[in-house]
Each structure stands twice: as structure tokens, then as C-alpha cells.
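J.: Once you've had a glance at the structure underneath, I'll fire off some questions.
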Amino acid sequence: MASVSSFRDVIANMYYNDLFNELSEYIEDNPDKLESNSYRVQSPDEAALSDFDIIMIDITDSPGNSILFDVIVSAEVEIAETVRRNRETDGIEQWFRISCKADLDDGIQNFQINSVSIYNKYRESKLGRLSEYLVPIIEKEQFDDVATDFLSEFCPEALSTPIPIPVDEVVKRMGLKVKEIQLTKHFTIFGQIVFGDCTIEYYDRNERAYKPLEVSRGTILVDPNVYFMRNIGCMNNTIIHECVHWYKHRKYHELVKTYNSDALLISCRVNETTKYKKQWTPEDWMEWHANGIAPRILMPKSMTIKKIEELIKKNELLFGTHDRLNIMENVVYELADFFQVSRIAAKIRMLDLGYKEVEGVYTYVDDHFISNYSFKADSLHKNQTYSISLSDSFFEYYANPEFAKIIDSGNFIYVDGHYVINDSKYIKKLENGSIDLTDYAKLHVDECCLLFDLKLNKASKMDIVVYLDSIMFRKATPDYNRVPTFNPDKHNMEVFNRSEELKKFHEELVEESQHLSRTTQTFSQAVYGHIKRKGYNKVVFIEKTLLSGKTYDRIKNNELNNPTLETVVAICIGLELSPTYSEEILRLAGYTLNNTPQQLAYKKLIHSYRGHTIYECNEVLEALGLSPLCAKAYKEMIS
């Protein structure tokens, strides 16, 4: 909707005269109650209204179609009094509160004014307030309360014992109905709720064309081909999402109908959007409500806690109390199955309810689920995580000198969403050439992985409007607008000191070869030495570095004396050289990496992304908006 008229505007247009007449009568009858600041008229005995402007409207929700609202106005008032037989007059500005009531039913009906009073700005706010667009003002902390109110009205049995919410029965009790139909050609809308009889367009797959369809008020339209947020979630969440719209947002649509008779439904789209919160439209707020409240209806707070405790005890008997990884994995799986929601939704609900051990299971990082991991329960506090996306880690590397210093030490390597100590006790090479955490590391991430605090993203000041607050497609954490931030706290310093001790041993092994290369070797000789040490031939070298056969020959013949920085970095990454060896190769080529974005990225890839192929490194560079290594060859290989 391009523009939205507020309730304030509608009232001003439709009922200005009514307000004027009632306010005028009050002023004429109560001149002594005015807060006169006139020097000429101290105690007015006569007053008359000249004009007024509506400043704002305080709106309170009421059962059914009714609303109560206070119209706050600034009035121009002419006042007068007789002083020593002289008639003195003056004009003043006075604010008033005009308390009104109306019904919303195919527009605004039964408008009436209940009272007029002098405005007191310190008057306490009423509960159940609506915005100027008749959208409920609900804080995130109130979502559970709203879910409880919803269930009290439409499914009270779900508040006395843990049960999967009977979604079909809830829909029936609300007087709604569900119709499954393909809504769009490209599956961009997963659901709609219809607020008035109308004709919609749906996509006929057989005829490959859009066709009209008559639908009645109170119909929930669901596209069975679209799973909530890219296969995360379920049909139940979609239907309850639309029920929340009906439960909380009908009055907004009654308002909209007063100036746009075609606005008869809400379309809930698959794509996620981000905006500055101050720029949210009424539709954005309504989506935020539905996304946050729907999973809390499907998993009511007290009953969900009761079910979680039951499942934990059951799985402790099955696995033993010490096997927390399998216990939590099973609890999430069984909780999701019981309440008929997605595993990610079940995990987020557990995190939201304080079960921090579940942080290590079903964690979604960089568009995939990473391996489950566990840690000592007391090692992780609220709003902390052991996992971080690669993009978040790059931003933190640029912004946080303490984190950059840790990464530049070469002691840590990024593996499966973690920064883990670069040691064979914690990382292993797989047969396909990639690297992974050892089984020991997965069970002891508190021993070998850096920890990150989840803090509000003050830099961007953005909030996720659609779907992510409840489902968290990219992060299974309670707040998507929290970003992982490195803090050199006790835990991280202990892990760093452990990495330093392990590093000393490896440095002693390479010290002699380093000294030899510094005194006798050229760049080409040092690189060719690493090629022979790894047992690579010309074909393997070309594949791993994306460099040409001619470059290989020049290295072999000790003829590559002035390589480009891109060539040197491609060699370091392609040959999987350690940070120590890479620094030596860069030195022999005459380079020291600076703090430009491209070279900072090179530095981070060399120091903490070792073991990943040049193709994976190029994906990282492109995701950051930087140039890939050996771009021409890279594009040819992936095309």
C-alpha cells in the first residue's frame, strides 16, 4: 500500500464538526476551568472556541468491534472577563482531551463523544492501546501473554496439560475456514487471510494462468506448495500465523476500508525483509506480531516447560545424565514432533525459555546445519554462543582489534561455524580433503573454541520484520538483531593461552627450515620446496591454485621473481600453507599485507581459514563484495 491514512486523519475528516460542537459547548460552559496564561484576562468568565487542531489520538482496544479513543486537541480560545467595569479580552491556546467511542463494522459506525476535559499529559497510559493505524501496540515481552489470552479463548485445554494444538479445531472455533490453493506462480506468498468477501486471483498450474476465485470473509488461504520460510516451519505455523492476524488486526482493516474498499486481505510473503524499525509500516508491525505470537500459541510457555522437563528426564534415563549432546538433540526432535512444529522452532523456543544447552544442536550457520556440539553447562551464559557465521566473523575481524589480534596469531582455524585451536587434537583431515572437528572437539567446544557474546547490532540499527524473529532462518538465537561479538574474557584468554602452548611445539619444528629459507632461498625455490614436500605435480598445482601451467614452470625453474600479490596469496591458499609458512612466502615475494579490505580478507583467509579450497575462499571474497583470486580461471571452472 503506497500510503496509509491514520485513524487521526479519518476522524478529522468525518467528525470534525461533531468534535467542534462538543468542545465549543464545554468551553462556553467552563471558562473558569481553562488554564489561562493571559496577562490581560486573569479569571475568564466567558470563553468561546475559535478553531482547533488534532494533535494525536490515544486509542484503546475493546472487545468485539468497539474502540475507545481520546482525541487530544490544541484549541484556539477567545476569553474575556470584566475588570473594574472594563471588558478585557484575549486569545489563548489550550489542550483538551475528548473521550470518544465508536464501532468498526464496514467503516466507522455509532460514533459518540463521552466527555471533554482539560488535557493532562501525565495521565497514565491505558492498557491494550492501539497505534494511530489501529494496530495493537505489543512489546515482544508481551507475546506470551497474548498467546495465553488467545488460547484461553479458543483452546483453553492447551493451558492445563501439554497437547499439540488442534489447529483445525481452533480455526473452527474462531469461525474461520481454511482453503488450500496455489496463490502465485513462483510461490512468493505462503498464506492470506480474507477480511471481507472479495475476488482474488490464484495460479492454475494446469492452464499456467491466473484465474479469479470468489472467497468469503474469514477464509484462510494457504499455498500447500510453500513451506514456511524455505522449508523451515510447517503448515500449522502458517495457519496460526493467519489466525493471529484475524485475532489482532481486523480493526486495522476496518479502518483501511473507510478509504480503500479493495483492501480486504493480508498477504504473507516468503521473502524476508529488513528495515529500520522507525520505518516500519503498519503491515510490518502486524507481520512481526504474527511471527512472534504464532509459535508461542503452538508451544504455550508453561506447558512447553512441563513437556521439556518430561523429555529431559526420559532421555537422561536413556543416555545417562552426562551425555548432554544426545539428550538435547533428542529433546528438540521429540518436542518438535509433539507440538507439530519444526525442529528449529522447537530449539528457539527452548532457548527463549532458558535451556542454553540446546545451543549446540540443530544450529544453522552459513546456509547449512553444522554438526551438533556440546559444552559444560556453566561455560555458556545467556546471550553467548560458540558458533558464528563466516560473514559475521569477517565484520568482527574488521571492527574488533582484539579479535583480529587473536586471529592473526594463526592459532585458530575456522571449522564448521567455530573458531577452534589449530591442533590435531581438535581438527582432522577428511578423505575428500576438507577439514572437520574431531569427535573430541565436538564434545568439548568449551575447551578449544572461542566464545562470542550476542549483542545488539547498534551499527546497523535494523530489525528483521518478516519471519526471522520467530523462526530464525539464519540464526537459531532468540534475537536476529544480535550479532556475535568477541570479548577477551576469562574463557577466551584461557583458550588462547592453551593455543599458545600448543603452538610453541610446532614453531620449534619449523624454526630451522625458516632460518634456511631466509638465508638461501628465493621465492620460487621456497614455493617449489612446498610443492615437492606435499607431493603435488603440475596438474594438482594448477587445480589447487587456479594458476597456469606456465606459472608452475617458472616456479620450478626459479624464474618467478616478481609475482603479483594475488598470485602469492593463491599459492598460500592453494597449497594449504600454515600461517607461518605463508608469512615467509609473502616476505620472500616482497609483500606485507596492509589494512585495505581486500588484503585484510587475504590475511584472515591465510590465518584462520586454512584447509579450505581456493574455491571456498573465493566464495567468501565474493560474499564480501571483493575480487576473487584468479578470477578468470575461477569463473571458467565454476561455469
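All residue numbers for the sequence shown refer to our numbering, where the first residue is 143 and numbers rise by one.
Using N, Cα and C, we set each Cβ at its ideal position, and we do this for glycine too.
(1) Work out the CA separation of His-391 and Pro-101 for me, nearest whole Å.
(2) Around the Cβ of His-464, are there at least 16 other Cβ atoms within 10 angstroms (buried) or fewer (exposed)?
(3) Tell me the rounded alpha-carbon separation between Leu-689 and Tyr-540.
(4) Tell me, to the nearest whole angstrom, how far the beta carbon of Leu-197 is from that of Ile-214; I am working on the premise that it is less than 8 Å.
(5) Can you list, in chain order, the residues of its chain with a C-beta nearer than 8 Å to that of Pro-757? Leave out the 5 residues immediately preceding and following it.
(6) Is it buried or exposed, Val-225, if we count other Cβ atoms within 10 angstroms and call 16 or more buried?
(7) Straight-line CA distance for Val-681 to Gln-663?
(8) Give the straight-line distance between the Cα atoms of Leu-728 and Thr-734, rounded to the nearest whole angstrom.
(9) Quick check on the burial criterion: 16 or more other C-beta atoms within 10 angstroms. Buried or exposed for Ala-668?
(10) Span of the beta strand (DSSP E) holding Lys-243?
(11) Which residues mark the beginning and the end of the alpha helix (DSSP H) in which Leu-722 is found?
(12) Quick check: the Cα distance between Glu-218 and Leu-495, rounded to an integer number of angstroms?
(13) Expressed to the nearest angstrom, what Euclidean distance is found between the alpha-carbon atoms of Leu-477 and Glu-499?
(14) Can you check DSSP and say which residues form a bridge with Ser-216?
(15) How big is the Cα-Cα spacing for Thr-290 and Glu-458?
(16) What residue range is occupied by the uninterrupted beta strand (DSSP E) comprising Val-309?
(17) Do you know offhand how far Phe-537's Cα is from Ala-546's?
(18) Once the 5 residues before and after Lys-448 are set aside, which same chain residues still bring their CB inside 6 Å of it?
(19) Can you tell me which of the three DSSP states Ser-612 falls into?
(20) Would you decide whether Tyr-582 is buried or exposed? Buried here means 16 or more other CB atoms lie within 10 Å of its CB.
(21) For Arg-491, which residues of its own chain have a beta-carbon under 7 Å away from its beta-carbon, when the five flanking residues on both sides are left out?
(22) How is Glu-281 classed by DSSP in three states: helix, strand or coil?
(23) Could you tell me the alpha carbon to alpha carbon distance between Ala-351 and Lys-327, rounded to whole angstroms?
(24) Any contact between the segment 715-722 and the segment 752-768? By contact I mean 3 or more CB pairs, one from each, below 8 Å.
(25) Comparing C-alpha positions only, which one of Leu-293, Asn-564, Val-386 sits nearest to Glu-642?
(26) Exposed or buried, which one is Cys-242 when buried takes at least 16 other CB atoms within 10 Å?
(27) Rounded to a whole number of angstroms, what is the C-alpha to C-alpha distance between Thr-619 and Lys-584?
(28) Measure the C-alpha to C-alpha separation of Lys-420 and Arg-359 and round it to an integer number of angstroms.
(29) Could you name the residues of the same chain whose beta carbon sits closer than 8 Å to that of Tyr-678, not counting the 5 residues immediately before and after it, in chain order?
(30) Among Ala-731, Ser-720, Thr-693, which one has its Cα closest to the Cα of Asn-704?
T.: To lay it out plainly:
(1) Residue 101 lies beyond the residue range present for the chain, which begins at 143 and ends at 781; the question has no answer from this structure.
(2) exposed
(3) 29 Å
(4) The residue you asked about is not Leu; residue 197 is Ile in the sequence shown. Correct: roughly 5 Å between the Cβ atoms.
(5) Correcting the residue type first, residue 757 is Tyr in the shown sequence and not Pro. Within the same chain, Tyr-757 has close Cβ partners Tyr-776, Met-779, Ile-780.
(6) exposed
(7) 24 Å
(8) 7 Å
(9) buried
(10) 228-246
(11) One detail in the question is off: residue 722 reads as Thr in this sequence, not Leu. Looking at the DSSP string, the run of the alpha helix (DSSP H) that includes Thr-722 is 721-731.
(12) 54 Å
(13) 15 Å
(14) Asp-195, Trp-237
(15) 30 Å
(16) Counting along the chain, Val-309 falls outside any beta strand (DSSP E), though it belongs to the alpha helix (DSSP H) covering 309-315.
(17) 10 Å
(18) Pro-304
(19) With a pLDDT of 32 at Ser-612, under the threshold of 50, the predicted position of this residue should be treated as unreliable, and no value is reported.
(20) exposed
(21) Pro-437, Met-441, Thr-446
(22) coil
(23) 8 Å
(24) yes
(25) Asn-564
(26) buried
(27) Reliability fails at Thr-619, whose pLDDT of 37 lies under 50, so the model's placement of it is uncertain and the value that follows must be treated cautiously. One C-alpha to the other measures close to 20 Å.
(28) 32 Å
(29) Lys-686, Leu-717
(30) Ala-731
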